[in-house]
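Note that the protein sequences, when read in sequence, are chains W and Z.
Residue numbers for the first sequence follow the UniProt record's numbering, beginning at 1 and rising by one.
Residue numbers for the second sequence follow the UniProt record's numbering, beginning at 1 and rising by one.
Before any comments, here is the structure.
Number of protein chains: 2
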Amino acid sequence: MLKVPDHQVAGHQACDGMVGPLVDDSGHFYKPLQNSERGSAEVAFYTSFSSNNKIPNHILRFFPLFHGTRLIEASDGSGLHPHLVLQDVVSSYHNPSIMDIKIGSRTWYPEASDEYIQKCFKKDRESTSLALGFRISGLQVHGSKESGFWKPDKKLIKNFTAKDVRLILRKFVSSNASADSGVDPDCSFASTVYGGSNGILAQLLELKAWFEDQTIFHFYSCSVLMIYSKDSVSKGRSSGAEVKLVDFAHVVEGKGIIDHNFLGGLCSLIKFISEI
Amino acid sequence: MLKVPDHQVAGHQACDGMVGPLVDDSGHFYKPLQNSERGSAEVAFYTSFSSNNKIPNHILRFFPLFHGTRLIEASDGSGLHPHLVLQDVVSSYHNPSIMDIKIGSRTWYPEASDEYIQKCFKKDRESTSLALGFRISGLQVHGSKESGFWKPDKKLIKNFTAKDVRLILRKFVSSNASADSGVDPDCSFASTVYGGSNGILAQLLELKAWFEDQTIFHFYSCSVLMIYSKDSVSKGRSSGAEVKLVDFAHVVEGKGIIDHNFLGGLCSLIKFISEI
C-alpha cells in the first residue's frame, strides 16, 4: 500500500500533477528518480556510500538506509517510474516536528555549469545561505491535538532573514509555537530536544567531528533533518530527537579535501542552536 | 632608520615605483594606508580590535600589535603618506621561513559591489581558494647559508594547484626545499615546526576553537602567516614557530554569526597540515 507521505516538509511533493515521493506501511520511502543526471547522481551516491567501508558506524546512522531502486507506479498515476527505495526516517514518529535545513553557504559545486552556478548563487544570496552558511528549507511543528501542525508556507520560508531563523529555531522547541509573531516562544523543549547527551546538538557535534576529517564526499545542496516528537517529550519520555542527512543529488567526490563548505555551515548552525 | 623589509612574501611591495611597507630597527612595520576605503577599513579594524575586551588573551597573540597611524615619507620618496604602525612580526627571526596563506573559499563579503565580487570570484576560482578554502599567496623558505632563500615567483604561486599546495606545505618544513621538482621533500622539520604543543598545528587549532565561537568579526581576504627559523631548529632549539593573522582591509562586522567562510578554510588547512 503506497501513499503520499504525511510529513514531508521540503522538496518536490506529490501534488498538482507533479511526481512526488511515496511511502509504504513498512517504513520505506520511495523517492522518484529525477530526470537528467540528478537522479542517477543520487543513486550513484547511495550505491557508493553503502559499499564504502570507511564510513564509521556511528556516522552511518545519520543516513537513511538504502534499499536499491524499484520501478513503481508514479504518484501521479502516469505509469511505472524508477524510484530510490530508502528508509522512511519519520515513520517511527507520532506527530513528528521536523525541520529541513540546507547546509552550506554555497549550494553549487565548482565543476557545475556557469548557468547552474548563477541560478544557485542567486538563491544562496537571496536566502540566508550566503550569510549564515545554511537556510531553512521547510518545517512543521506539532502544536497540540487541537491545533495540529504549524507548517509555514514555502514562500514565507524562502524569505526568512537571519532574525527569522533565530526565532524559528526557538519556536521549533516551544510548546506555544504558532504563526503568531506576537507570542514569545517558551523553548520549553529546548533542553530535551537540543540538549543532553542524545540531543540534536550532541548529534550535530558528532557529525562535525566527522566532517573535520572526511575527504571522501562533498555534500552540496544537502539537508540536515531535525526530527522529534513532542508527544514523547510531554509524557516525560525521551524526545527521540534525531538528525538525518538527506538529498544527495549533488554530492561530488572529495578528492582528499575536506568539505569546508558543509563544515562551515554546520558549525554556524551549531552555534545558533547552542545559543538557545 | 626606515628601510624596505627583507622578508615580505606577499602583498604590495616597495618596488617599481610603488608605495610599499617599511620597517625600522625597533620592530615596527609601517604599512601605507591604501587609497579608497580599504586603508581606513584596516585602521578601523585595528582600532576596534585593540579596544575590544572580548578578545581572549591567548587569541591576541595571533594579531600584530597596533601602534596607531603615522605620517611618514613614502617608500617611493613621493612625500608624506599615512601609515599603519604595526608590530614587525618577523623582526625577531634570523633567516625566517615564511608562508602567507589567504584563508576562505570566498575572499569577498556579501555586501560588496557586484563588480568587486566578480573580480574576487574569478580569482578564487582560478586559484585554489574555491576548491581548498585557502590559497598560498607567498612564501620563502631558507635553505642554507650558501643557497639562501628559495622564494618562488608570484606568477608561479598564482597557478598553484591542490597538488602543488600539498607539495609546498611539505617543502616548507624540509631541509632540501628548492625549486627542483625532482627532489622529494624530506620534511625533516615537520615534527618540530608543525607538530608539538607549541607547533603551528597546535596554534591553528587554538585559532579554530575561537572561530567556532566568535561572532564579532568576519575576516575576508585575511591571511595566516606561518613563520619559523630553520637556524634554531637545526641547532636543536625550538623552532619558534608562530602563526599570525595579517591583512584586515576587508574585515566586516560578524553581527552574531560565526565566520563560517574563514573557519571552513582554516579547518581545511589544518587537515592538509595534519596529514604531513
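Yeah, the Cβ is synthetic: ideal placement off N, Cα and C, and Gly gets one too.
Computed from a predicted model, the values in this text were never measured in an experiment.
For residue i, the residue or residues it bridges with in DSSP
i      : result
W/V243 : W/M226
Z/M99  : Z/L139, Z/M226
Z/H83  : Z/P32, Z/R70
W/N266 : Residue identity differs from the one stated: residue 266 of chain W is Leu in this sequence, not Asn. Answer is none; W/L266 lacks a bridge partner.
Z/E253 : Z/F217
Where residue i falls: helix, strand or coil (DSSP)
i      : result
Z/D164 : helix
Z/A73  : Sequence inspection shows Glu at residue 73 of chain Z; the Ala mentioned does not correspond to that position. It is a strand residue.
W/F217 : strand
W/S48  : helix
Z/F211 : helix
Z/G148 : strand
W/L2   : coil
Z/F63  : coil
Z/E275 : coil
W/V173 : coil
W/E126 : helix
W/F134 : strand
Z/V233 : helix
Z/V23  : strand
W/E115 : helix
W/I258 : coil
Z/S39  : Note on residue identity: the sequence assigns Gly, not Ser, to residue 39 of chain Z. Of the three classes helix, strand and coil, the one that applies to Z/G39 here is helix, per DSSP.
W/A202 : helix
W/I55  : coil
W/T192 : helix
Z/C120 : helix
Test item: CB-CB of residue i and residue j under 8 Å
i      : j      : result
W/L266 : W/L225 : no
Z/V183 : Z/S239 : no
W/L205 : W/L269 : no
Z/S174 : Z/S191 : no
W/I200 : W/I136 : no
W/D76  : W/M1   : no
W/W150 : W/S178 : yes
Z/D231 : Z/H94  : yes
Z/P185 : Z/N198 : no
Z/H12  : Z/H67  : no
Z/N52  : Z/I216 : yes
W/A10  : W/S229 : no
Anticipated Cβ contact below 8 Å, residue i with residue j, distance rounded
i      : j      : result
W/Q214 : W/I257 : The pair is not a contact, with the Cβ atoms about 10 Å apart (cut-off 8 Å).
W/K3   : W/L33  : The pair is not a contact, with the Cβ atoms about 19 Å apart (cut-off 8 Å).
W/H83  : W/K31  : 6 Å
Z/S221 : Z/K122 : About 14 Å separates the two Cβ atoms, so there is no contact after all.
Z/R38  : Z/A249 : 4 Å
W/L132 : W/E212 : Not a contact, Cβ separation roughly 20 Å.
Quiz prompt | Three-pair Cβ contact test at 8 Å for the segment 249-268 of chain Z versus the segment 165-180 of chain Z | solution = no
Quiz item: Do the segment 90-106 of chain Z and the segment 127-145 of chain Z meet, that is, are 3 or more Cβ pairs less than 8 Å apart?
Solution: yes
Self-check item: Segment contact, 8 Å Cβ cut-off, at least three pairs: the segment 104-121 of chain Z with the segment 35-51 of chain Z
Solution: no
Quiz item: Does the segment 77-96 of chain Z come within contact of the segment 238-249 of chain Z, defined as at least 3 CB pairs closer than 8 Å?
Solution: yes
Quiz item: Is the segment 148-165 of chain Z touching the segment 111-128 of chain Z, taking contact as three or more C-beta pairs under 8 Å?
Solution: Taking 8 Å as the limit for Cβ pairs, the verdict is that the segment 111-128 of chain Z does touch the segment 148-165 of chain Z.
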